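In the UniProt record's numbering, the protein residues as written are 1 to 115. For glycine and all other residues, C-beta sits at the position ideal for the given N, C-alpha and C. Everything numeric in this text was worked out from a predicted model, so none of it was measured. All remarks here apply to the structure that follows.
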């Protein structure tokens, strides 16, 4: 295990959804290119894409860590990822996809998401 990750504490500002960029996008306070939405999740194009079609699937409820996701929201993320993977595969004519969930490490926004 990496020592820096052992007993790591969640930063206090990660619990404050009023400053969360994703919460502000969900509330239509910030612009985003929306690809998919239902009552539990939203999918947007990443503003700093690592590859063509780089999409973020975000729960509408402010949850900082993937490990804190309730089962129904995790299932909604999975369903959205599956639908988007099919659509992106067709639109980009490319079957090579990466699907990633980061928890704190490599998260630039303190909100759980799949990309």
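Applying the 10 Å Cβ sphere with the 16-neighbour rule, what's the burial state of residue i?
i, result
"residue 55", "buried"
"residue 64", "buried"
"residue 110", "buried"
"residue 91", "exposed"
"residue 43", "buried"
"residue 32", "buried"
"residue 59", "buried"
"residue 76", "buried"
So residue i is in the alpha helix (DSSP H); what residue range does that whole segment cover?
i, result
"residue 81", "71-92"
"residue 55", "No alpha helix (DSSP H) holds residue 55; the beta strand (DSSP E) holding it covers 55-59."
"residue 25", "21-26"
Once DSSP output is grouped into helix, strand and coil, what is the label at residue i?
i, result
"residue 34", "strand"
"residue 100", "coil"
"residue 64", "coil"
"residue 2", "The predicted model places residue 2 with a pLDDT of 49, which falls under 50 and marks its position as unreliable; any figure quoted below should be read in that light. In this structure, residue 2 counts as coil in the three-state DSSP scheme."
Could you tell me the boundaries of the beta strand (DSSP E) in which residue i lies?
i, result
"residue 41", "41-45"
List the residues that DSSP assigns as beta-bridge partners of residue i.
i, result
"residue 112", "Paired residues: none, contrary to the question."
Subject >> Three-pair Cβ contact test at 8 Å for the stretch 65-72 versus the stretch 16-26 >> reply: The stretch 65-72 vs the stretch 16-26: no contact.
Original post:
On the three-pair Cβ rule with 8 Å, is the stretch 24-39 touching the stretch 75-93?
Top reply: Because the criterion of three Cβ pairs below 8 Å is met, the stretch 24-39 and the stretch 75-93 touch.
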